[in-house]
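Each step along the sequence shown adds one to the number in the UniProt record's numbering, with nothing skipped, and position 177 is 177.
Yeah, the Cβ is synthetic: ideal placement off N, Cα and C, and Gly gets one too.
Given the structure is predicted, the values throughout are model-derived calculations rather than measurements.
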Amino acid sequence: MIEVEFAIEDVARTRFAISPLWEVVASVRVLKGADEHGLHRTWADRVRPRLAAAGLDLSPLFDLVPMPVRSPWAGRIPGFICPPPTTPLPSLEVELATVRAMPPALLHTTAEVPEARMAALRGNPATELARLADAIEAYWELALAPYWSRILTLLEDDIRYRAGRLVAGGAQHLFTDLDPQVTWAQGTLHLEHRTARGARRLDGQGLLLVPSVFIWPRVFSVLNEPWQPSLRYPPRAVGTLWHTRPATAPNALAGVLGRSRAMVLTELTAPASTTELARRTGLTPGGTSQHLTALRNAGLVSAHRAGRQVLYARTRAGQTVTEAAQSGSPPSAADAQTQHPQAADEFRGANPNAKPGLSPV
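Take a look at the structure:
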(Lines of atoms letter the chains of each structure in order from A; the text may use other names.)
(Lines give C-alpha, C1' and ligand atoms only; values in the text may rest on other atoms or scores of the structure.)
Protein backbone atom coordinates (compact mmCIF):
# COMPACT_ATOMS: atom_id res chain seq x y z
CA MET A 1 0.00 0.00 0.00
CA ILE A 2 1.32 3.45 -0.98
CA GLU A 3 0.02 6.39 1.04
CA VAL A 4 0.13 9.71 -0.79
CA GLU A 5 -0.10 12.53 1.73
CA PHE A 6 -1.86 15.74 0.66
CA ALA A 7 -1.16 19.11 2.23
CA ILE A 8 -3.47 22.07 1.57
CA GLU A 9 -1.17 23.27 -1.22
CA ASP A 10 -1.27 19.84 -2.85
CA VAL A 11 -5.07 19.83 -2.97
CA ALA A 12 -5.00 23.30 -4.53
CA ARG A 13 -2.56 22.17 -7.25
CA THR A 14 -4.16 18.85 -8.15
CA ARG A 15 -5.19 18.95 -11.80
CA PHE A 16 -6.20 16.86 -14.82
CA ALA A 17 -4.50 16.37 -18.16
CA ILE A 18 -4.68 14.19 -21.26
CA SER A 19 -1.51 12.77 -22.77
CA PRO A 20 -1.41 11.53 -26.39
CA LEU A 21 2.16 10.36 -25.75
CA TRP A 22 1.10 8.18 -22.82
CA GLU A 23 -1.66 6.64 -24.95
CA VAL A 24 1.03 5.66 -27.45
CA VAL A 25 3.03 3.87 -24.76
CA ALA A 26 -0.01 2.24 -23.15
CA SER A 27 -1.32 1.04 -26.52
CA VAL A 28 2.05 -0.56 -27.33
CA ARG A 29 1.64 -2.53 -24.08
CA VAL A 30 -1.72 -3.73 -25.40
CA LEU A 31 -0.13 -4.92 -28.65
CA LYS A 32 2.49 -6.74 -26.57
CA GLY A 33 -0.15 -8.67 -24.65
CA ALA A 34 -1.43 -6.40 -21.87
CA ASP A 35 -5.06 -6.90 -22.91
CA GLU A 36 -5.81 -10.31 -21.44
CA HIS A 37 -9.53 -9.48 -21.16
CA GLY A 38 -9.79 -8.51 -24.84
CA LEU A 39 -11.15 -5.02 -24.21
CA HIS A 40 -9.12 -3.59 -27.10
CA ARG A 41 -9.18 -6.63 -29.40
CA THR A 42 -11.19 -4.80 -32.08
CA TRP A 43 -8.59 -2.03 -32.23
CA ALA A 44 -5.60 -4.40 -32.08
CA ASP A 45 -6.95 -6.63 -34.86
CA ARG A 46 -7.14 -3.62 -37.17
CA VAL A 47 -3.84 -2.07 -36.19
CA ARG A 48 -1.49 -5.07 -36.19
CA PRO A 49 -1.77 -5.81 -39.93
CA ARG A 50 -1.55 -2.11 -40.69
CA LEU A 51 1.73 -1.81 -38.79
CA ALA A 52 3.08 -4.96 -40.44
CA ALA A 53 2.20 -3.74 -43.92
CA ALA A 54 3.91 -0.40 -43.34
CA GLY A 55 7.25 -2.11 -42.76
CA LEU A 56 8.50 0.62 -40.42
CA ASP A 57 11.30 0.23 -37.89
CA LEU A 58 9.48 0.88 -34.64
CA SER A 59 12.09 -0.79 -32.45
CA PRO A 60 13.23 2.50 -30.82
CA LEU A 61 9.72 2.67 -29.33
CA PHE A 62 8.84 -1.01 -28.85
CA ASP A 63 12.18 -1.83 -27.16
CA LEU A 64 11.41 0.69 -24.40
CA VAL A 65 7.97 -0.74 -23.57
CA PRO A 66 8.57 -4.00 -21.65
CA MET A 67 6.54 -7.12 -22.18
CA PRO A 68 3.63 -7.08 -19.69
CA VAL A 69 4.43 -10.21 -17.65
CA ARG A 70 3.74 -10.88 -13.99
CA SER A 71 7.19 -10.01 -12.65
CA PRO A 72 6.88 -7.19 -10.08
CA TRP A 73 9.45 -5.17 -12.04
CA ALA A 74 8.30 -5.92 -15.58
CA GLY A 75 5.44 -3.45 -15.36
CA ARG A 76 7.81 -0.53 -15.07
CA ILE A 77 8.14 1.83 -18.02
CA PRO A 78 11.07 4.23 -18.46
CA GLY A 79 9.95 7.63 -17.22
CA PHE A 80 11.80 9.53 -19.94
CA ILE A 81 9.69 7.99 -22.72
CA CYS A 82 6.44 9.50 -21.41
CA PRO A 83 6.94 12.39 -18.96
CA PRO A 84 3.69 13.73 -17.50
CA PRO A 85 2.18 16.58 -19.55
CA THR A 86 2.65 20.12 -18.31
CA THR A 87 -0.56 21.47 -19.89
CA PRO A 88 -4.12 20.08 -19.80
CA LEU A 89 -4.21 18.88 -23.43
CA PRO A 90 -0.82 19.01 -25.16
CA SER A 91 -0.51 17.94 -28.77
CA LEU A 92 1.67 14.96 -29.58
CA GLU A 93 4.12 17.37 -31.21
CA VAL A 94 4.53 19.30 -27.96
CA GLU A 95 5.11 16.12 -25.96
CA LEU A 96 7.61 14.82 -28.52
CA ALA A 97 9.54 18.09 -28.27
CA THR A 98 9.97 17.31 -24.57
CA VAL A 99 11.23 13.82 -25.43
CA ARG A 100 13.72 15.15 -27.99
CA ALA A 101 15.07 17.61 -25.42
CA MET A 102 15.27 15.09 -22.56
CA PRO A 103 18.39 15.76 -20.43
CA PRO A 104 20.92 12.89 -20.66
CA ALA A 105 20.92 12.62 -16.86
CA LEU A 106 17.33 11.32 -17.01
CA LEU A 107 18.07 8.52 -19.48
CA HIS A 108 18.05 5.71 -16.95
CA THR A 109 15.52 3.09 -15.86
CA THR A 110 15.03 -0.02 -13.77
CA ALA A 111 12.57 -1.36 -16.35
CA GLU A 112 13.32 -4.58 -18.20
CA VAL A 113 14.42 -3.11 -21.55
CA PRO A 114 17.33 -4.15 -23.83
CA GLU A 115 20.62 -2.91 -22.46
CA ALA A 116 21.80 -2.23 -26.02
CA ARG A 117 18.98 0.26 -26.47
CA MET A 118 19.82 2.06 -23.23
CA ALA A 119 23.53 2.08 -24.10
CA ALA A 120 22.73 3.67 -27.46
CA LEU A 121 20.58 6.32 -25.80
CA ARG A 122 23.27 7.17 -23.29
CA GLY A 123 26.01 7.12 -25.93
CA ASN A 124 24.30 9.43 -28.41
CA PRO A 125 21.28 11.03 -26.72
CA ALA A 126 20.36 13.61 -29.37
CA THR A 127 20.35 11.15 -32.26
CA GLU A 128 18.64 8.30 -30.41
CA LEU A 129 15.97 10.52 -28.84
CA ALA A 130 15.22 11.90 -32.30
CA ARG A 131 14.86 8.32 -33.61
CA LEU A 132 12.54 7.52 -30.71
CA ALA A 133 10.38 10.58 -31.40
CA ASP A 134 10.22 9.73 -35.12
CA ALA A 135 9.15 6.16 -34.33
CA ILE A 136 6.44 7.43 -31.97
CA GLU A 137 5.18 9.84 -34.63
CA ALA A 138 5.04 7.09 -37.29
CA TYR A 139 3.26 4.71 -34.91
CA TRP A 140 0.77 7.41 -33.92
CA GLU A 141 -0.22 8.10 -37.51
CA LEU A 142 -0.93 4.42 -38.19
CA ALA A 143 -2.30 3.19 -34.88
CA LEU A 144 -3.92 6.07 -32.98
CA ALA A 145 -4.53 9.15 -35.12
CA PRO A 146 -7.50 7.60 -36.98
CA TYR A 147 -9.13 6.76 -33.64
CA TRP A 148 -8.11 9.82 -31.64
CA SER A 149 -11.44 11.62 -31.94
CA ARG A 150 -13.21 8.67 -30.32
CA ILE A 151 -10.54 8.27 -27.62
CA LEU A 152 -10.40 11.98 -26.83
CA THR A 153 -14.17 12.14 -26.49
CA LEU A 154 -14.13 9.47 -23.79
CA LEU A 155 -11.20 11.04 -21.91
CA GLU A 156 -12.70 14.52 -21.89
CA ASP A 157 -16.04 13.16 -20.74
CA ASP A 158 -14.36 11.51 -17.75
CA ILE A 159 -12.58 14.74 -16.80
CA ARG A 160 -15.84 16.69 -16.93
CA TYR A 161 -17.52 14.08 -14.76
CA ARG A 162 -14.73 14.17 -12.17
CA ALA A 163 -14.60 17.95 -12.19
CA GLY A 164 -18.28 17.87 -11.28
CA ARG A 165 -17.54 15.44 -8.46
CA LEU A 166 -14.86 17.80 -7.14
CA VAL A 167 -17.26 20.76 -7.21
CA ALA A 168 -20.01 18.75 -5.53
CA GLY A 169 -18.03 17.17 -2.72
CA GLY A 170 -14.37 18.10 -2.71
CA ALA A 171 -11.35 15.80 -2.96
CA GLN A 172 -13.01 12.93 -1.12
CA HIS A 173 -15.89 12.89 -3.60
CA LEU A 174 -13.44 13.14 -6.52
CA PHE A 175 -11.51 10.01 -5.54
CA THR A 176 -14.43 7.89 -4.29
CA ASP A 177 -15.06 6.11 -7.58
CA LEU A 178 -11.79 6.78 -9.39
CA ASP A 179 -10.74 3.12 -9.19
CA PRO A 180 -11.37 0.21 -6.79
CA GLN A 181 -7.76 0.29 -5.59
CA VAL A 182 -7.63 4.04 -4.99
CA THR A 183 -9.19 5.30 -1.74
CA TRP A 184 -9.17 8.63 0.10
CA ALA A 185 -9.19 9.07 3.85
CA GLN A 186 -8.25 12.02 6.07
CA GLY A 187 -6.08 13.85 3.57
CA THR A 188 -4.28 10.74 2.34
CA LEU A 189 -4.71 8.88 -0.95
CA HIS A 190 -4.23 5.12 -0.52
CA LEU A 191 -2.97 3.21 -3.57
CA GLU A 192 -2.93 -0.57 -3.45
CA HIS A 193 0.31 -1.95 -4.87
CA ARG A 194 1.83 -5.41 -5.24
CA THR A 195 5.34 -4.49 -4.08
CA ALA A 196 5.70 -0.84 -3.01
CA ARG A 197 4.93 0.29 0.53
CA GLY A 198 5.16 3.45 2.57
CA ALA A 199 4.23 7.12 2.50
CA ARG A 200 4.91 9.61 -0.27
CA ARG A 201 4.75 13.38 0.14
CA LEU A 202 3.73 15.60 -2.75
CA ASP A 203 5.71 18.56 -1.37
CA GLY A 204 3.29 21.16 -2.64
CA GLN A 205 3.32 19.94 -6.26
CA GLY A 206 -0.17 18.51 -6.19
CA LEU A 207 -1.23 15.37 -8.06
CA LEU A 208 -1.69 15.15 -11.82
CA LEU A 209 -4.63 12.90 -12.80
CA VAL A 210 -4.41 11.45 -16.32
CA PRO A 211 -7.25 9.26 -17.65
CA SER A 212 -5.99 6.61 -20.08
CA VAL A 213 -8.06 4.23 -22.20
CA PHE A 214 -5.39 1.57 -22.79
CA ILE A 215 -4.44 0.71 -19.20
CA TRP A 216 -7.62 -0.95 -17.89
CA PRO A 217 -7.72 -2.69 -15.43
CA ARG A 218 -4.48 -1.24 -14.04
CA VAL A 219 -3.48 2.10 -12.59
CA PHE A 220 -0.02 3.59 -13.11
CA SER A 221 1.66 6.05 -10.79
CA VAL A 222 4.65 8.34 -11.21
CA LEU A 223 5.77 9.38 -7.73
CA ASN A 224 9.57 9.28 -7.64
CA GLU A 225 10.53 11.03 -10.87
CA PRO A 226 11.63 14.66 -11.36
CA TRP A 227 8.19 15.53 -12.78
CA GLN A 228 4.90 16.33 -11.06
CA PRO A 229 3.55 13.25 -9.23
CA SER A 230 0.95 11.61 -11.46
CA LEU A 231 -1.75 8.97 -11.40
CA ARG A 232 -2.91 7.38 -14.67
CA TYR A 233 -6.27 5.67 -14.35
CA PRO A 234 -8.95 4.10 -16.63
CA PRO A 235 -11.84 6.46 -17.49
CA ARG A 236 -15.50 5.70 -16.99
CA ALA A 237 -17.25 3.77 -19.78
CA VAL A 238 -13.98 2.54 -21.26
CA GLY A 239 -15.76 -0.73 -22.00
CA THR A 240 -17.89 1.07 -24.60
CA LEU A 241 -14.94 2.59 -26.48
CA TRP A 242 -15.01 0.29 -29.51
CA HIS A 243 -18.76 -0.30 -29.63
CA THR A 244 -20.35 0.83 -32.89
CA ARG A 245 -23.96 1.33 -33.90
CA PRO A 246 -25.30 -0.09 -37.17
CA ALA A 247 -24.49 2.46 -39.84
CA THR A 248 -27.60 4.06 -41.30
CA ALA A 249 -27.97 7.52 -42.77
CA PRO A 250 -30.50 9.39 -40.59
CA ASN A 251 -33.01 11.47 -42.54
CA ALA A 252 -32.12 14.54 -40.47
CA LEU A 253 -28.46 14.26 -41.45
CA ALA A 254 -29.30 13.51 -45.07
CA GLY A 255 -31.43 16.65 -45.13
CA VAL A 256 -28.39 18.74 -44.25
CA LEU A 257 -25.56 16.97 -46.07
CA GLY A 258 -27.36 15.06 -48.80
CA ARG A 259 -28.02 11.32 -48.61
CA SER A 260 -24.72 10.15 -50.15
CA ARG A 261 -22.51 12.30 -47.92
CA ALA A 262 -24.60 11.43 -44.87
CA MET A 263 -24.17 7.75 -45.71
CA VAL A 264 -20.38 8.12 -46.08
CA LEU A 265 -20.08 9.99 -42.78
CA THR A 266 -22.31 7.52 -40.96
CA GLU A 267 -20.35 4.54 -42.31
CA LEU A 268 -17.16 5.86 -40.69
CA THR A 269 -17.79 4.02 -37.43
CA ALA A 270 -14.13 3.00 -37.84
CA PRO A 271 -11.39 4.44 -40.07
CA ALA A 272 -11.73 3.24 -43.68
CA SER A 273 -10.23 3.78 -47.13
CA THR A 274 -12.05 5.25 -50.13
CA THR A 275 -12.27 1.80 -51.74
CA GLU A 276 -13.74 0.22 -48.62
CA LEU A 277 -16.30 3.00 -48.19
CA ALA A 278 -17.32 2.74 -51.84
CA ARG A 279 -17.88 -1.00 -51.42
CA ARG A 280 -19.91 -0.55 -48.24
CA THR A 281 -22.07 2.32 -49.51
CA GLY A 282 -22.53 1.18 -53.12
CA LEU A 283 -21.20 4.51 -54.40
CA THR A 284 -18.53 4.74 -57.08
CA PRO A 285 -14.91 5.22 -55.86
CA GLY A 286 -14.81 8.58 -57.64
CA GLY A 287 -18.03 9.75 -56.04
CA THR A 288 -16.92 8.52 -52.63
CA SER A 289 -13.66 10.43 -53.00
CA GLN A 290 -15.54 13.64 -53.86
CA HIS A 291 -17.84 13.26 -50.85
CA LEU A 292 -14.87 12.62 -48.55
CA THR A 293 -13.15 15.74 -49.86
CA ALA A 294 -16.25 17.83 -49.16
CA LEU A 295 -16.63 16.34 -45.67
CA ARG A 296 -12.96 16.94 -44.97
CA ASN A 297 -13.19 20.56 -46.11
CA ALA A 298 -16.12 20.98 -43.73
CA GLY A 299 -14.08 19.65 -40.81
CA LEU A 300 -16.21 16.53 -40.36
CA VAL A 301 -13.63 14.01 -41.61
CA SER A 302 -9.86 13.71 -41.27
CA ALA A 303 -7.37 11.73 -43.39
CA HIS A 304 -4.46 9.62 -42.14
CA ARG A 305 -1.85 7.83 -44.24
CA ALA A 306 -1.39 4.14 -43.37
CA GLY A 307 1.34 2.75 -45.61
CA ARG A 308 0.06 2.98 -49.19
CA GLN A 309 -3.50 3.66 -48.07
CA VAL A 310 -5.21 6.79 -46.79
CA LEU A 311 -7.72 6.11 -44.03
CA TYR A 312 -10.56 8.50 -43.32
CA ALA A 313 -12.08 8.98 -39.87
CA ARG A 314 -14.66 11.22 -38.27
CA THR A 315 -13.38 14.29 -36.50
CA ARG A 316 -14.84 15.32 -33.16
CA ALA A 317 -17.26 17.58 -35.02
CA GLY A 318 -18.23 14.73 -37.33
CA GLN A 319 -18.78 12.42 -34.37
CA THR A 320 -20.99 14.95 -32.62
CA VAL A 321 -23.12 15.66 -35.69
CA THR A 322 -23.59 11.95 -36.46
CA GLU A 323 -24.51 10.96 -32.92
CA ALA A 324 -26.90 13.88 -32.56
CA ALA A 325 -28.68 12.89 -35.78
CA GLN A 326 -28.85 9.23 -34.74
CA SER A 327 -30.29 10.11 -31.34
CA GLY A 328 -32.94 12.28 -32.91
CA SER A 329 -32.07 15.33 -30.80
CA PRO A 330 -29.45 18.08 -31.07
CA PRO A 331 -26.52 18.17 -28.64
CA SER A 332 -26.91 20.35 -25.58
CA ALA A 333 -24.88 23.52 -25.16
CA ALA A 334 -22.46 21.69 -22.88
CA ASP A 335 -21.91 19.08 -25.60
CA ALA A 336 -21.65 21.45 -28.50
CA GLN A 337 -18.03 20.54 -29.11
CA THR A 338 -18.07 16.88 -28.16
CA GLN A 339 -20.70 14.17 -27.66
CA HIS A 340 -19.77 11.61 -25.02
CA PRO A 341 -21.03 8.21 -23.95
CA GLN A 342 -22.49 8.27 -20.44
CA ALA A 343 -22.87 4.51 -19.92
CA ALA A 344 -21.30 2.89 -16.89
CA ASP A 345 -18.23 0.80 -17.57
CA GLU A 346 -20.07 -2.33 -18.62
CA PHE A 347 -16.85 -4.18 -19.30
CA ARG A 348 -15.74 -3.67 -15.73
CA GLY A 349 -19.18 -4.69 -14.56
CA ALA A 350 -19.06 -7.86 -16.64
CA ASN A 351 -15.81 -8.87 -14.99
CA PRO A 352 -16.31 -8.23 -11.27
CA ASN A 353 -13.43 -10.53 -10.30
CA ALA A 354 -10.80 -8.79 -12.43
CA LYS A 355 -8.72 -6.85 -9.92
CA PRO A 356 -6.78 -3.82 -11.08
CA GLY A 357 -3.20 -3.45 -9.99
CA LEU A 358 -0.93 -0.47 -9.64
CA SER A 359 2.48 -0.32 -11.22
CA PRO A 360 5.05 2.46 -10.87
CA VAL A 361 5.92 4.08 -14.17
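**Request:** Within the same chain, show all residues whose beta-carbon is closer than 6 Å to that of F6, passing over the 5 residues directly before and after it, in chain order.
**Result:** Within the same chain, F6 has close Cβ partners G187.
**Request:** Excluding the 5 residues preceding and the 5 following V24 in the sequence, name in chain order all residues of the same chain whose CB lies nearer than 7 Å to its CB.
**Result:** Only I136, Y139, W140 and L144 meet the Cβ criterion.
**Item:** Chain-order list of residues whose beta-carbon lies under 8 Å from that of P125 (same chain, five-residue window excluded)
**Value:** Within the same chain, Cβ atoms closer than 8 Å to the Cβ of P125 are found at M102, P104 and L107, the five residues on either side in sequence being excluded.
**Request:** Kindly indicate the opening and closing residues of the beta strand (DSSP E) around S19.
**Result:** Taken as a continuous stretch (DSSP letters only), S19 belongs to no beta strand (DSSP E), as it is neither H nor E.
**Request:** Kindly provide the ranges of any beta strand (DSSP E) runs that are 3 or more residues long and lie completely inside the segment 130 to 199, ordered along the chain.
**Result:** You should have 182 to 185 and 188 to 191.
**Message:** Taking 8 Å as the threshold (C-beta atoms), are D10 and L207 in contact?
**Reply:** Yes, Cβ-Cβ distance for L207 and D10 is below 8 Å.
**Message:** Residues in the same chain with beta-carbon distance under 6 Å from M118, minus the five sequence neighbours each way, listed in chain order, please.
**Reply:** Within its own chain, no residue has a Cβ closer than 6 Å to the Cβ of M118 once the five positions on either side in sequence are excluded.
**Message:** Let me check understanding here. Comparing Cα to Cα, which of P20, I18 and A44 lies closest to W242?
**Reply:** Out of P20, I18 and A44, the CA that lies nearest to the CA of W242 is found in A44.
**Request:** Mind checking who residue 362 pairs with in its DSSP beta bridge?
**Result:** Because the chain here runs from 1 to 361, residue 362 falls outside it and cannot be looked at.
**Request:** Assign R236 to one of three DSSP states: helix, strand, or coil.
**Result:** If DSSP states are grouped into helix, strand and coil, R236 belongs with coil.
**Message:** On the CB-based measure, 16 or more other CB atoms within 10 Å of its CB, does P60 come out buried or exposed?
**Reply:** Residue environment: P60 is assigned as buried (16 or more neighbouring CB atoms within 10 Å of its CB, all protein chains considered).
**Request:** Note down the Cα distance separating G287 from T281, rounded to an integer number of angstroms.
**Result:** Cα to Cα, G287 sits roughly 11 Å from T281.
**Asked** Measuring CB to CB, does Q319 end up less than 8 Å from T153?
**Response** Yes, the Cβ-Cβ distance between Q319 and T153 is below 8 Å.
**Prompt:** Quick one: Cα of V94 to Cα of L129, how far?
**Reply:** The alpha-carbon atoms of V94 and L129 are separated by roughly 14 Å.
**Asked** D57: which of L231, L292 and R131 sits nearest, CA to CA?
**Response** Per the Cα distances, R131.
**Message:** Applying the 10 Å Cβ sphere with the 16-neighbour rule, what's the burial state of A263?
**Reply:** Reading off the sequence, residue 263 comes out as Met, not Ala. Within a 10 Å sphere around the beta-carbon of M263 sit 16 or more other beta-carbons, which makes this residue buried.
**Message:** Using only CA atoms, which one of A17, T109, P68 and F16 lies nearest to F80?
**Reply:** Considering only alpha carbons, the answer is T109.
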